[in-house]
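Protein chains in written order, with the numbering used here: chain A, 81 to 1093; chain B, 413 to 894.
Note that the Cβ used here is the ideal one computed from N, Cα and C, for glycine as well.
Everything below concerns the one structure shown next.
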Amino acid sequence: MANVPENSPDKTKKKAKLFIRLLFPMLGLVLFQLVTFFAVLIAGGEFSHVKEYAYSMLLEKTENRKNYIESEFQSKIPFVQEAAEKINTLVETTLIQKNVSVAALQEDKELNRKIMESSAETLIDLLKRSMANDVYFILETGDLYDDEGGVKQAKAALYFRDLDPTSDSGYQDLLMEMGLSSISQDLGIILDSGWKLHFESDPNNMENYDYYYRTIQTAEENSNLSFGNLGYWSGFSPITKSAADSMKYTVPLIAADGTVYGVIGIGLTENTILSDMPVNDFLNETACYVLGRKQPDSQAFDIITHSGIAFNQLVKNENTLQTNPVRNEGIVDFTSNSEFSSVGSVQYMKLYSEESPYYEEQWALISVAEKDSVLQLFTNLIRMLVLSAVIALVVSTIIVLITIKKVVEPITKIIHKMNSMHEYNQIIRFAPTNIFELDKMTDAITQLQINAQEFSSQVSKMIRIADVGLGTFMYDHTAETVFVGQGLLKLLNLPYPAEEDIMISRQEFIDHIPVEKIRSFVLEGLAEYPENSDYVKEFSIHKPDGGTNWLRLSLVHNKNKSIGIIQDITSSMLEKKRIEYERDYDSTTGLLNRHAYYRKIEDLFRHRNDLKITAFIMLDLDNLKYVNDTYGHDFGDDYIKTAANSLKNFQRYGGIVSRLSGDEFNICLTGFSSKEEVRKIIQEVRSQLLNSYCLLADGTHFKIRASAGISWYPDDADSYEMLVKYADFAMYTIKHSTKGEIAEFDISSYAKDAVLLNGVEEMNRIIDECRVRYAFHSIVSAKTGELYGYEALMRPQSSIFQSPLELLRIAKTSAKLYEIEHLTWTKALVDFQAQIDAGNISPDCHLFVNSISNCILEDSDVHIIEKNHPNLLSHIIMEILESESTNEEYIQSKINRMRTWNAQVALDDFGTGYNSEYALITLNPNIIKIDRSLVSGCDKDFSRRTIISNLVKLVRHKNILVLAEGVETESEVRTVISCGVDLLQGYYINRPVFEPKPVSKEVKETIRRFSHS
Amino acid sequence: MKLKNIFSLFSAVCVSAGLFCGCAENQNPLDPKNPADITIWHYYNGVQQEYFDHMIVEFNETVGHEQGIIVEARSKGTINELADSVLASLKNDVGAETPPDIFASYAETAYIADELGCVVDLSQYFTAEELAEYVDGYLEEGKFDDSQQELKIFPTAKSTEVMMLNQTDFQKFADAENISETDLSTWESLAETAEKYYTYTDNLTPDTPNDGKAFFGRDSVANYMIVGAKQLGMEFFTEENGELTLHTDEEVIRRLWDCYYVPYVKGYYFAQSRYRSDDAKIGEIIAMVCSSTGAVYFPDSVTIDDSYTYPIDSFALPIPNFEGCEPYAVQQGAGMVVTKSDPKTEYACSVFLKWITEQERNIDFAVKSGYLPVKKSANDFEIISEFYENDGADRQAMEAAVSEVNTYSLYSAKPFEKSTEVRDFLGNYIQDTAQTAYEKAFSRIQGGEERETVLEDYVSDKAFAQWYDDFVSGLQSASGIV
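Printed below as a string of structure tokens:
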């Protein structure tokens, strides 16, 4: 529980990961949308459309405004022309009335006054109808008025002004700028403050009077043209010193004779013009209108007037406006010394007809706009898009952050809460996060804790109830606290109520461990943290009542915690000890068995320095077979036990005593400083042994007799294997000679025994090269003396092995018995077949084969035999030897195989062997062979004779044939026949030979005779 | 919880954005992208109109363009036509135009418009500090009811009357007859001087008898009557508890009659053109009383018989007073009245009015138009004089006018329902009867009758009594008050 490390470095890393895993995909999504949005806009060309739109708006605006002004200007022309015709008629009429020519205008002031007076109303009518500010009528009066008041170049003129032509106030809002005051008084028109009697021109600024002089001059030069085509648009020019300038449209007055005698025209003040080109056309742009007149052969325009304060920024109050060639879509830009780059449109106005001599003069309405302001829509769009993108990004980020925070925060809280928990049995209850899944998770965690706690308490209870002696604790290295389970409280009898688990400090825990040994092991185990992951210690403690308790302390270190289990393993320990004992000790004698003995010897030989003088004693009991055979195995066992008890005396001297097999014992005496010391001990024990006896069934005291061999370390050999072998050799040597003595190993005699020295090698050669032959020993009927069969006897073709027993012995020690068995079964049959084939043996004869009792041929080898000798199988009689070491399972299996072959089984050495009667019952043989030791001398020994005749009687009803082995004399033949044996074998009949010959007639005759008698 | 938080955040953003918008709306309803159109009707002509139009162009291109105000100004020609048009439009007469947002108005017209419920109280658009900058007397005229403190007429350009003289011709006469400026300081002495001038000019052509020239003429005879009566201790109409009372003190009327009607009939005073400045231009008179705004029309040359022109110098004097009376001068000049429309337009009007009366602009306009500045601090000739490029009639007139503002009592009659009619009557009656009498007398003298005898028929006590009776009954019918 709560095993999450607090403040571990990867905790924040994990938190960041969750945060980032949520943040980046969500932000990525927002960015993707924005990028897609812009990409679509750019790819769709929307931006350039907007840009073009901005320019076309400017262009359109300018064109519309130009059209308006143009029509305003043009609309006034017909009124002027109409008035001009009226005036012309009036003048003509007046001239005719006065009967004077046009030239009189330059001479007759009264004429001029009359003309002026009579034309005033026409002029005012023109003023009102044309909605102009000015109307004027100037007569070319030559120098008629020059002298008056010293004024030069004065002309008779009438000039009215109406500053607000839109209001119809009669004559009241009119001003007279030039003309006779009498006319003004007649009409009730006010004289303007700068009122003058005549049109006067200032010789220093003649361009200001262009509207008069140029009109006159051009009309005179183009006499072919009607006055309608000679109207002239001039720029702003002054009228009087006080009245505001006006731009003018002037039409010449031409007499019938072609004399240009004056002009009539209208004027427009700047205010009027500007009201026609309002600056508020440009609500969005920093821009102005310029009314300009194109300079000949140039892209520059004379500025006539302009609107808007933007003019000061963009054109810098210059008199000319320099345009650059048209860029695109009618948009031009301008050359000026303004710091602003400006664009605009030039819209030419149609003021003159093609016939007009002024046709070449091009007027234009020009819009001049700050480029940035024109593109404001465009830049605003971009700005708005970027702004909205930024806002979207910021808002999205905030929402994403809030959302993630809302998700991550509860998780972090949960983690913190879980980390802050140290009380093992406290259930963490989480505040609801209101996130469905998280709440489900925390519920699950809480439930898990409850379950775990319940489980833990259940486990504790179960442990307690089971009383298995199991105690647990968990030590937290960080917090230095110890969780102690109920079991441990009870196990160690700690001074706490054992009803529930507890959490105590380290010191408290250590102090309360009652047993010093446990405490030290616990500390030792904890001290290994964190280098070693596990610590296991099994140890025993003494119980207060005197018994011994075995405990196992296991510590598992995991991160910063160590989990400890203390287990009472007393019962399992005892069981283990018992099993070990049973494994290592012979149940009959209580001595070490072979394996345990060799293990101990191996252990000894790992510490050779401690060996010093060591003796290996091989001891073989004499007469065991006899006791067994004679008094049964129980007495045999007693015999062995008695010997063993005596041998146990070696243990007092540190000797290791073991029973290797039936009657063989091994003793190792080690750590002595001299052989004499050892010999003394051996002698002492031997005398005890020889004085001991066992009480047999017939009440006799049967003395223990044994033969023993001794080998010495380090004199005889370094390895215990060799020492055991040498001791064995020494024992066999003495057993085969004097029996009942103790012989020390003599390396020189050992060396002489080539068989034993070279036996293994020779045996291997014999086996490999199949160097054996089989001699056949005749077995005849005890009734007729006729041949019953032959016993195949192995004859190793070797100079070393004189007897097959030696070969078997070596084979046994070299674990080559199988090979020998295999050799027997193949070679014997081959040789037998060869003798049959050679005609030495009748095919009806049986073949006795000696099988090694604890060997069984593999099925594959059996199949080969069956295949090679199908005709022989039913003639085979397998001889088996019953001993304590035979494997009954093998024997049974072999007997079964004989049955399948229709072969027979013979029990060898019957009567001397091990548990012969038992074998008779279990093995159910066809033939029993009475051992030579019983047969030999039976003619002179009643007991032998009795045994033989009892045996015959015993097996008769079982239809088992009885064969007497080793009959050597005629007397013995007669005795066994009289005992009722069925078959005979022995030197009396013949000796075993490789190529058998028929039984002699004399023998046959003798046997027949005895059987009939 | 998550959703709720996001929602509240969103709401907060919306609300605060809304608040900002709301605040902006309250502070300044103007929108440069959607400008407020303001129409102004005025009666300016000539020089005044040019300068006024010039200011409007400047406003439209600067402040108006920035803030979203487009001002369109139209001259209605004369003050009377303006008043008629305004009232017709406000009354929604058949064929009348859409009412203007601002119109120039005398108190009389503003009073009527206010009675129609069409006039905005401008005090709500000005702080007390802002209003305190204006000459108190000018503001007073716009407050019809003292207790209400509501400002119905906003002073933009005020004027008074000054006396202008043809210095060149006056000097010849003065030198010859030993006349000084003090002889022009009272109406009585002015009449005497005029008689001397008549005699002087008559004597210049010994061959032709009775061809003496008039010395003086004045614009707005109604002012003479109203201010003169006030100076003489009488107001034609007084209001008490909502009751108007007509006063026609015969002595006061007689003095008024003596100092205008009599010299006029005798040919000492003259009025032919619409304004006396025109009469001065053609040499009919050499002295005149005109509005300070009319001074700019005072000529720098005189054209005789539409054939002979000669340059003249001019000079200005404060308006004459009646002998033994406190000096009084008329306070006139229309103020601006804002008609009720919508908050945006009304606000735009207030912006324009503030702009047009900013000191420097106000003085500049005053200097060019002859009007008096409306702010206290601007009524200092030392400040004003810096705006003049050279010393002309306009500068002299301004100096005289400012001195009047600072030393005279300025007077304007309180408006009432029939103010306009009364004013017209007061001006026209004495002028028309004097003109008629003059023409009859002139005709008889031309016919060979003795001048003195003829004149006696028209200026006798008997003649006055008859005139007075007609005057009183005329005034009663004009005012509707008996």
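- Query: Who are the Cβ neighbours of L461/A in its own chain at under 7 Å, not counting the five residues just before and after it?
  - Reply: V130
- Going by DSSP, what residues sit across from C702/B in a beta bridge? V574/B
- Query: According to the neighbour-count rule (16 or more other Cβ atoms, all chains shown, within 10 Å of its Cβ), is Y677/A buried or exposed?
  - Reply: buried
- Item | Integer Cβ distance of I1008/A from L1000/A, believed to fall under 8 Å | Their Cβ separation, rounded to whole angstroms, is 7 Å, which keeps I1008/A and L1000/A in contact under 8 Å.
- Item | Alpha-carbon spacing of F589/A relative to N573/A, whole angstroms | 12 Å
- Run of the beta strand (DSSP E) containing P730/B, from where it starts to where it stops: Where P730/B is concerned, the enclosing beta strand (DSSP E) stretches over 726-730.
- Message: Here's a check: name, in chain order, each residue in its chain whose Cβ is nearer than 6 Å to the Cβ of L102/A, leaving out the five neighbours to either side.
- Response: I484
- Message: At the level of alpha carbons, what is the spacing between G627/A and I621/A?
- Response: Computed Cα separation, rounded: 9 Å.
- Item | Pairwise C-alpha distance: E553/B and A1119/A | Absent from the structure is residue 1119/A, since the part of chain A shown begins at 81 and ends at 1093.
- Round the Cβ separation of Y550/B and I491/B to the nearest angstrom and send it over; I've been treating them as touching at under 8 Å. Not a contact, Cβ separation roughly 17 Å.
- Beta bridge counterpart(s) of W981/A as assigned by DSSP: DSSP lists no partner for W981/A.
- Message: Between which residues of its own chain and L776/A is the CB-CB distance below 7 Å, once the five residues before and five after are set aside?
- Response: Y711, F715, F782
- Less than 8 Å separating the beta-carbons of Y680/B and V633/B? no
- Please check if any C-beta of chain E sits within less than 8 Å of the C-beta of L363/A. The chain inventory of the structure shown lacks chain E, comprising the protein chains A and B.
- Query: Within the 8 Å Cβ cut-off, does G222/A reach chain B?
  - Reply: Chain B, which has no Cβ nearer than 8 Å to the Cβ of G222/A, makes this no.
- Item | Backbone CA spacing between E347/A and V674/B [nearest angstrom] | The question names Glu, but residue 347/A is Gly in the sequence shown. Roughly 45 Å separates the two Cα atoms.
- Would you kindly check if the distance between the Cβ of Y793/A and the Cβ of L691/A is under 8 Å? yes
- Query: Considering only the beta carbon of each residue, do I784/A and L803/A sit closer than 8 Å?
  - Reply: no
- Who are the neighbours of S685/B on chain A, taking C-beta pairs under 7 Å? Q265
- Residue span of the beta strand (DSSP E) that contains Q783/A, given as start and end: Note on identity: in this sequence residue 783/A is Lys, with Gln being the wrong assignment. First-last of the beta strand (DSSP E) with K783/A: 781-783.
- Message: If you reduce the DSSP assignment to three classes, tell me which class R1036/A lands in.
- Response: helix
- Item | Span of the beta strand (DSSP E) around V714/B | From DSSP, the beta strand (DSSP E) with V714/B extends over 713-716.
- Message: I want to see whether chain A comes within less than 8 Å of P567/B, judged by CB atoms only; does it?
- Response: no
- Item | Pair within 8 Å by beta-carbon distance, S781/B and A569/B | yes
- Hey, would you say T403/A sits closer than 8 Å to Q379/A, going by beta carbons? Between T403/A and Q379/A, the C-beta spacing is below 8 Å.
- Give the straight-line distance between the Cα atoms of V749/B and Q442/A, rounded to the nearest whole angstrom. Rounded to the nearest angstrom, the two C-alpha atoms are 46 Å apart.
- Quick one: using the 10 Å Cβ neighbour count with 16 as the cut-off for buried, is R486/B buried or exposed? buried
- Message: Across the stretch 682-702 of chain A and the stretch 742-751 of chain A, are there enough close Cβ pairs to call them in contact, namely three or more that are closer than 8 Å?
- Response: Look at the beta carbons and you see the stretch 682-702 of chain A touching the stretch 742-751 of chain A: at least three pairs across the two are nearer than 8 Å.
- If we cut at 8 Å on Cβ distances, does A200/A have a partner in chain B? no
- Quick one: is S317/A near chain B, going by C-beta distance under 8 Å? no
- Task: Taking only beta carbons into account, state which residues of the stretch 267-280 of chain A come closer than 7 Å to chain B, listed in chain order.
- Result: G268, I270, L271, D272, S273, W275, L277
- Cα-Cα separation, H659/B to G892/B: H659/B and G892/B have their alpha carbons spaced roughly 13 Å apart.
- With distances taken from CA atoms, which of Q643/B, Q461/B, F710/B is nearest T598/B? Of the residues Q643/B, Q461/B, F710/B, the one whose Cα lies closest to the Cα of T598/B is Q643/B.
- Query: Whole-angstrom Cβ separation of E545/B and K787/B, contact assumed at under 8 Å?
  - Reply: 5 Å
- Look at the alpha carbon of I263/A and the alpha carbon of L191/A, and state the distance between them as a whole number of angstroms. 14 Å
- Message: What does the alpha-carbon distance come out to for the pair E437/B and L457/A?
- Response: Residue placement at E437/B is flagged as unreliable, the pLDDT there being 39, under the threshold of 50; the coordinate-derived value follows with that caveat. L457/A has its alpha-carbon roughly 24 Å from the corresponding atom of E437/B.
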